[in-house]
Amino acid sequence: MTTRMALTGTKPTINVVCRTLAVLLLLGLAMANKTMDTREGEDVILKCRFNEHYSDREYSYYWAQQSPNKYDNVAIKGDTFNPNYKIDYRPNQGIYDLQIFNVSYARDNGRFECRIKQIGSDNAIYEDYYNLTVLTPPQPPLIFPGSETTATEDKKQELTCSSVGGSPDPTISWYREGSTTPLAANLIYGGSRDMQTTSTLTIIPRREDDGAKFTCVVWNRAMPESQRLETVTTLSVRYYPRVEIGPENPLSVERDQTAKLECNIDAKPKPEQVKWTRNGRFISSHPTHTIHRVSLQDAGRYTCSADNGLDKIGEQEITLNVLYPPIVQIETKAKTAEEKETVHIKCNVTANPPPVTIEWLKEGDIDFRRNGDTLVLRDVRAEDAGTYICRGINMMKPYGGKTLEREGNASVALLVRHRPGQAVITPEKPVVHVGNSVSLMCKADPPGYPDPQYRWYRDVGGEVSTTVIAQGAQYLIPKAALSSEGKYHCHASNELGNGGMASATLEIHQPPQFLAKLQSNMIKRAGEADFFVTCSAKGKPEPSITWLKDDVEITPELHRYEVKTNVDKGPNGMVTVQSMLKFTGKARPNGNDLISTDRGQYTCLYENEVNKANSTMHLKIEHEPIVLHQYNKVANDIKETAEVLCKVQSYPKPEFLWHFGTTLLSTGGHYEIITNSDGNDVYTSILKISNVRHQDYGEYHCRVSNSLNHIQVPIRLQPKGPPEKPNKLKAVELGSNYVVLSWNPGFDGGLANTKYFVSYRKIVIPNESLMTEECAAVAASGAEWMEYDCQREVPCTISPLDHHQSYVFKVKALNTKGVSEHSNEISATTKVEKIPIPLMANFDPETKILGLNIGATCLSMVAIVESVMYGDTPMAAWHIIEKVDLQVNGHDPTYREHEIKHFVANRRNNGRSLGNTLDEIPIPIEDELNPRVRVKLCLKINHEYCGEYLEADIGQSLIQEASFVELPTLIAILVCSVVAALSAVLLVMFCRCRRNQKKESVKSKEYDIDSIHPSIVAQQNQAPPPYYSASSLENKALEHSMDLAMDQNTALYASQQPTYGYHQQNAMIPQVPQNDWSNMGYVENSYSNSNNGGSVNSQDSIWQLKMSAAASNSANMIPQHNYMDQQMQQNYGYDPMTHGGYGAVDDYAPYPHLMTTASQHGGDDYHHNMRNSQNPSRQDYCSDPYASVHKPKKRMDQHMDFVAESPYHDVSGLPDPYMEQEEAKSPVQNQHLSISYDDALAMESGYSTPNSRNRRVIHEIVV
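The sequence shown begins at 1307 in the numbering used here and counts up by one.
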């Protein structure tokens, strides 16, 4: 029993111990804190689990909550003290969980403890802890002092960042902008969401921190991992002045230049001013201290300081280094020495930087050079006398500039006492014309010191006279005579002795004087033989003789004349020249017969270097009549007035008889014969046939007779037709951008408006020697043909063309009846535009090297080098001494050096010759030590085609180092000049237009056959009201006419006619039936003025309708005195002053009658020839029925034989830019676009014209 008890008692004890150990183990495990996060309103379960099963009778269970301010039980066993709490109480299963519903921060945030204790004991056998955090995001952080923080350099500054409302307490980090590394800061947690968490960043500001940004970053677990709350503060640091001195230190400035000492202050706040001091003395308060014209006294140290009130002053020091060229001083200005004496001369040189070279030079002696500051001359001679120069050179580099070489010098005159040497007279061979002055200069070498006296003598009887004729270095003869010719001598002398004597022979020249002149007038008969004339003259030097006919030199190439000249030399060099002009040669009948073309003015011209003299004879030749008119045919249509012209040259005066078949014609009825003369043995007889009929066509004979013979000339009258082919095309003038062509026009078919079109195209240049091989430009063969409208100009200028380009040309004629064949083809090459001048030239007399700089060019050229002979005499002249071949570059400038080997040149007989005896005498350059040399560039294949001269610099060549600025500068000057000239011209034109606007009277106007449509309706005596049809025509007819012109299907007006109004390259000119003229209107794009809706005021619409009725009434409605000059004007123009109400005789000027006088057309002949034309067709008045309406330009001061006052003149009040047109045309006009009505005129005047390219509204003024 006892044993069992013991065992029984032992067993419980062991159980207790085991349980206690298990509880302690579990308690140790449970003592670890658990963290649980939740959010407001959520439900959460705090689990309390254990393995042992504790009876609730022996153990107590409870949950407690610990917060900073309290410690309370929230549940005991299965009972809770808050309805939001619930216990899962299952101790037998080891479960004692606390379930919290609708979590709130105020109630639930804190520490929860689960405890199991044995009843009666304070020791817990099991514990479990939960730190329940109710997550709440923090509020945005705040920074103190604010978003901008002001700090002072080197003084501690604190930045505090705080945030409240976060659960758990947030972390706060500081970052500097541009860095991801957090900065060390003092962080203080708030402990609850009602307390702020702060982080304080402490910094020591520096100047570099000014403007730095510091960022405060806040985060807790209530926020997403990627979200941060940030705020930034910008640090504004007030820092002490930092002074920077410039622009460089030390600052080097050349003397007399401007020095700018710059003081740049970096401080915050900025100081109000700076302070410049020198040696403690205040000098300026401006940041840039400027010293104008720096002197040596300005060199030294300068201090700039600044104070911004932060108790620390900033300052810097700069040194001004004044650079100056060498200052050379010599103790005396002149030094006298005796021959064979040793001379010492010292010079003192100061400079900054110090001189790199000190040397002595001598004026006039480029070979003399001694180094050192002391000049030593031993055993001086007379040749050593002169001016010596001490020169110092230093190299300086001022701020902002290049390294410069500067020099200073001083001179001293060394005078060596000596007697004069050999004298020399210049010019060596003096020549003067009778009556001119001549000066002879005498100079001794060496000259002698003291200064010598010069004495002049003259030969008398072949020996030197002892009589002094003059004293002084110069001997002047104010007016030379033949007696002045002779030999002159001079010599120099001083107290030390006499020099050698010099001699020179003075030669006197005389102009030609006639001994026998030509007979003033002479009459001879054709066929006379062996005729000659003579004249004789004397002169010195020998005069040349030239024979002229009608001011043109007679040359042997004519084979019609022979000149024989006899020369007789008399005393004192006087020469008598007798010349005979013989009318003989193989081009004459029988070799020596006179012919009719020998008539004219003959001149014998004598000329020498002094002057010219001439004698003239008028020779008349009696001969039979010679036909002069060009064509033996005339063309006119039925009902026109034909003019059959017979023009001859005859002396004496001829008689004319006209025959048609066997009928002798005379004035009266159907015929009128008019004969006139131009006063130069040219006579014209015109047979006028009025109202031509079909039976009038045929061959007429003009019989001309004088006392020597008679001739009979057949002339055919035929209907008008196409022109004949031009022939003998040739180029008469070549330019750089134009070619002037001439040809013999074929018969024009009776239409004076026949035009000529030149076709041309580029071809390969036949001779490329003009160009360098590397850039010779030739046009490709097979280039397209282009066409140029010459109008009726013969010769015709074709432009613009490319310079130095070959072209092939051919010409054709065109009128309203058709087109001729092309003429013969010719080729021509345009000239080079301009030969350049050298960029620079330099001649070194010592080495005789000529240096040339040639700009980039493709031309193959040579350089012509010239120098002056007899430089100080009246005979001074330039002579060619060398020709240099050049190898130029087409892309870059070329430098070339050439040695001039020959310093003498034989005089060429180029008009300056003194006579045959001197032609081959070598002539020295005026001074080999100081010559004058000039250069020009010429084409290699033509040395006569050259550029302008450039005179060479004398001395050592510096060309290769020279800057090429001359050509651009010249171009800029030329451009400015052109702009100024154009501005002046425009101003003058504007003033003249404004002045002419005030004029109220209108004088008569000229009319040209090509420039107007003549009125087919008879003129009214009084002008009709403005802009009403004279024939009461309906507006619809005009509209219909315009519609037809614009209709592409029926465009008779635009497509079927030769485009006379324009020049179109490669234009196809269709053939037009000769009988379709009545259906034609204007040419392409030549619209009627009725484009605005068919206004009856349109001039050209009215003209079209007038033409439709012209056939029935044209014969009787044109006064006989009206005619058209078919060669007056070559361009279709338009004059608003006579068209559309501007001052015309009638209001709308319907192509009025002509009022031109014969004087405007070259004399009465032409006036009589055209006077009686009574049946003109439209072709007569304007042989191109589609030519534009055109009024000749108004002339205010000439060609006015009729004055008309129009009641409608100047009604527009508008300025008329066409009142004063330029009367003289440019010699070369670009006629590639010859527009009948000027588009620009239409736009300026406000009137639509037939050639306006776009339809325009007519602005009409009705008075």
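Backbone N, C-alpha and C define an ideal beta-carbon position, used for all residues, glycine too.
Assign Met-2181 to one of two classes, buried (16 or more other C-beta atoms within 10 Å of its C-beta) or exposed (fewer than that).
-> In the sequence shown, the residue the question calls residue 2181 occupies position 875. With a threshold of 16 other beta carbon atoms within 10 Å, Met-2181 meets it and is buried.
Determine the burial state of Ala-2417: buried for a count of at least 16 other Cβ atoms within 10 Å of its Cβ, exposed for fewer.
-> Translated into the one-based positions of the sequence shown, residue 2417 becomes position 1111. Per-residue confidence for Ala-2417 stands at a pLDDT of 37, beneath the threshold of 50, marking its modelled position as unreliable; the derived number appears in the next sentence. Exposed.
Using the Cα positions of Leu-2014 and Phe-1838, report the straight-line distance between them to the nearest angstrom.
-> Residue mapping note: residue 2014 aligns to position 708 of the sequence shown, counting from 1. Residue mapping note: residue 1838 aligns to position 532 of the sequence shown, counting from 1. For Leu-2014 and Phe-1838, the distance between alpha carbons rounds to 23 Å.
Touching or not, the region 1930–1940 and the region 2017–2030, by the rule of three or more beta carbon pairs under 8 Å?
-> Per the Cβ contact rule, the region 1930–1940 is in contact with the region 2017–2030 (3 or more Cβ pairs under 8 Å).
Inter-residue Cα distance where the pair is Glu-1623 and Ile-1699 = Residue mapping note: residue 1623 aligns to position 317 of the sequence shown, counting from 1. Residue mapping note: residue 1699 aligns to position 393 of the sequence shown, counting from 1. Near 31 Å, if we compare the C-alpha coordinates of Ile-1699 and Glu-1623.
For Glu-1711, I'd like the list of residues in its chain whose CB is within less than 7 Å of its CB, leaving aside the five on either flank, ordered along the chain.
-> Here residue 1711 refers to the residue found at position 405 of the sequence shown. Beyond the five residues adjoining it in sequence on each side, Glu-1711 comes within less than 7 Å, by CB distance, of Ile-1699, Met-1701 in the same chain, given in chain order.
Minimum Cβ-Cβ distance from Phe-1838 to chain D less than 7 Å = The structure shown contains no chain D; it holds only a single protein chain.
Distance, Tyr-1867 Cα to Leu-2057 Cα = By 1-based counting over the sequence shown, the position of residue 2057 is 751. By 1-based counting over the sequence shown, the position of residue 1867 is 561. Their backbone Cα atoms lie some 43 Å apart in a straight line.
Of the choices Asn-1827, Asn-1379, Asn-1872, Gly-1615, whose alpha-carbon is the least far from that of Lys-1576?
-> Locating residue 1576 in the sequence shown gives position 270, where the first residue counts as 1. Looking at the Cα atoms, Gly-1615 is the closest of the given residues.
Where does Arg-2562 fall in DSSP's three states?
-> Walking along the sequence shown from the start, residue 2562 turns up at place 1256. Any reading at Arg-2562 must be qualified, since the residue scores a pLDDT of 43, below 50, and its modelled position is unreliable; the value itself is stated next. Assignment of Arg-2562 by DSSP, reduced to helix, strand and coil, places it in the coil class.
Straight-line gap, Ser-1468 to Gly-1496 (C-alpha atoms, nearest Å) = For this step, residue 1468 is matched to residue 162 along the sequence shown. For this step, residue 1496 is matched to residue 190 along the sequence shown. Rounded to whole angstroms, Ser-1468 to Gly-1496 spans 10 Å at the Cα level.
Rounded to whole angstroms, what's the CA-CA distance from Asp-2054 to Pro-1818? Just pull it up for me.
-> In the sequence shown, counting from the first residue as 1, residue 2054 sits at position 748. In the sequence shown, counting from the first residue as 1, residue 1818 sits at position 512. Distance between Asp-2054 and Pro-1818, taken at the CA atoms: about 53 Å.
Return the CA-CA distance between Thr-1442 and Val-1350, expressed in angstroms with no decimal places.
-> To locate residue 1442, count along the sequence shown from 1; it is residue 136. To locate residue 1350, count along the sequence shown from 1; it is residue 44. The C-alpha of Thr-1442 lies about 16 Å from the C-alpha of Val-1350.
Could you name the residues of the same chain whose beta carbon sits closer than 7 Å to that of Tyr-1937, not counting the 5 residues immediately before and after it, in chain order?
-> Walking along the sequence shown from the start, residue 1937 turns up at place 631. If we look at Tyr-1937 and ignore the five residues flanking it on each side, its Cβ neighbours are Phe-2053.
Is Val-2281 helix, strand or coil when you go by DSSP?
-> By 1-based counting over the sequence shown, the position of residue 2281 is 975. Here Val-2281 sits in helix by DSSP.
Does the region 1341–1349 come close enough to the region 1401–1409 to have 3 or more Cβ pairs within less than 8 Å?
-> In short, these stretches touch, since the Cβ pair count reaches three.
Counterpart residues of Pro-2051 in DSSP-defined beta bridges | On the sequence shown, position 745 is the one that residue 2051 refers to. In DSSP, Pro-2051 forms no bridge with anything.
Hey, out of Lys-2137, Lys-2116, Thr-2136, Lys-1945, whose CA is closest to His-2128's CA?
-> If you number the sequence shown from 1, residue 2128 lands on position 822. Nearest Cα to His-2128 within the set Lys-2137, Lys-2116, Thr-2136, Lys-1945: Lys-2116.
Minimum C-alpha distance to Ile-1571 - residue among Tyr-1546, Gly-1879, Ala-1691 = Taking the first residue of the sequence shown as 1, we reach residue 1571 at position 265. Closest by alpha carbon: Tyr-1546.
Using 10 angstroms around the beta-carbon of Lys-2189, count the other beta-carbons present and answer buried if the total reaches 16, otherwise exposed.
-> Here the question's residue 2189 lines up with position 883 in the sequence shown. Around the Cβ of Lys-2189, a 10 Å sphere holds fewer than 16 other Cβ atoms; the residue is exposed.
Going by DSSP, which residues form a beta bridge with Ile-1406?
-> By 1-based counting over the sequence shown, the position of residue 1406 is 100. For Ile-1406, DSSP records a beta bridge to Val-1350, Tyr-1391.
Proximity to Arg-1421 [Cα-Cα], best of Thr-1456, Thr-1487, Gly-1452, Lys-1353 = Within the sequence shown, residue 1421 is the residue found at index 115, counting from 1. The shortest C-alpha separation from Arg-1421 is found at Lys-1353.
Whole-angstrom distance between Tyr-1360 and Asn-1398, CA atom to CA atom = Working through the sequence shown from its first residue, we reach residue 1398 at position 92. Working through the sequence shown from its first residue, we reach residue 1360 at position 54. The C-alpha of Asn-1398 lies about 7 Å from the C-alpha of Tyr-1360.
In three-state DSSP terms, what is Thr-2136?
-> As a first step, residue 2136 is located in the sequence shown; it is residue number 830 there, counting from the start. It is coil, neither helix nor strand.
Sheet register partners of Pro-2020 (DSSP bridge) = Translated into the one-based positions of the sequence shown, residue 2020 becomes position 714. Secondary-structure assignment with DSSP links Pro-2020 through a beta bridge to His-2007.
Counted within 10 angstroms of its Cβ, other Cβ atoms place Asp-1475 as buried (16 or more) or exposed = By one-based count along the sequence shown, residue 1475 stands at place 169. Its Cβ being crowded by 16 or more others within 10 Å, Asp-1475 is buried.
Taking just the CA atoms, how far does Ala-1643 sit from Glu-1801?
-> Within the sequence shown, numbered from 1, the residue matching residue 1801 stands at position 495. Within the sequence shown, numbered from 1, the residue matching residue 1643 stands at position 337. The straight-line gap from Cα to Cα measures roughly 16 Å.
Beta carbon of Glu-2257: closer than 6 Å to some heavy atom of the ligand COA?
-> As presented, the structure is devoid of all ligands, the ligand COA included, so that no description of it is given.
Closest residue to Lys-2068 among Glu-2131, Lys-2034, Ala-2147 (Cα-Cα distance) = Position 762 of the sequence shown, counted from the start, is the residue given in the question as residue 2068. Checking every option, the nearest Cα to that of Lys-2068 belongs to Glu-2131.
Separation of Val-1740 from Tyr-1763, as counted between CA atoms = Taking the first residue of the sequence shown as 1, we reach residue 1763 at position 457. Taking the first residue of the sequence shown as 1, we reach residue 1740 at position 434. Taking the straight line joining both Cα atoms gives about 22 Å.
Pro-1547 - DSSP class collapsed to helix/strand/coil | The sequence position of residue 1547 within the sequence shown is 241, counting from 1. Of the three classes helix, strand and coil, the one that applies to Pro-1547 here is strand, per DSSP.
Assign Pro-1632 to one of three DSSP states: helix, strand, or coil.
-> Numbered from its first residue, the sequence shown carries residue 1632 at position 326. Strand.
Give me the Cα-Cα distance between Gly-2217 and Ala-1919, rounded to the nearest whole angstrom.
-> As a first step, residue 2217 is located in the sequence shown; it is residue number 911 there, counting from the start. As a first step, residue 1919 is located in the sequence shown; it is residue number 613 there, counting from the start. A caution first: Gly-2217 carries a pLDDT of 37, below 50, which makes its placement in the model unreliable, though a value can still be read off. So the alpha carbons of these two residues sit roughly 16 Å apart.
What residues are listed by DSSP as bridge partners for Gly-1906?
-> Locating residue 1906 in the sequence shown gives position 600, where the first residue counts as 1. Answer is Leu-1925, bridged to Gly-1906.
Span of the beta strand (DSSP E), counted from its first residue to its last, around Tyr-1368 = Residue numbering aside, residue 1368 sits at position 62 when the sequence shown is read from its first letter. That run of the beta strand (DSSP E) goes 1365–1373.
Beta bridge counterpart(s) of His-1795 as assigned by DSSP | Here residue 1795 refers to the residue found at position 489 of the sequence shown. Paired residue(s): Tyr-1763, Ser-1809.
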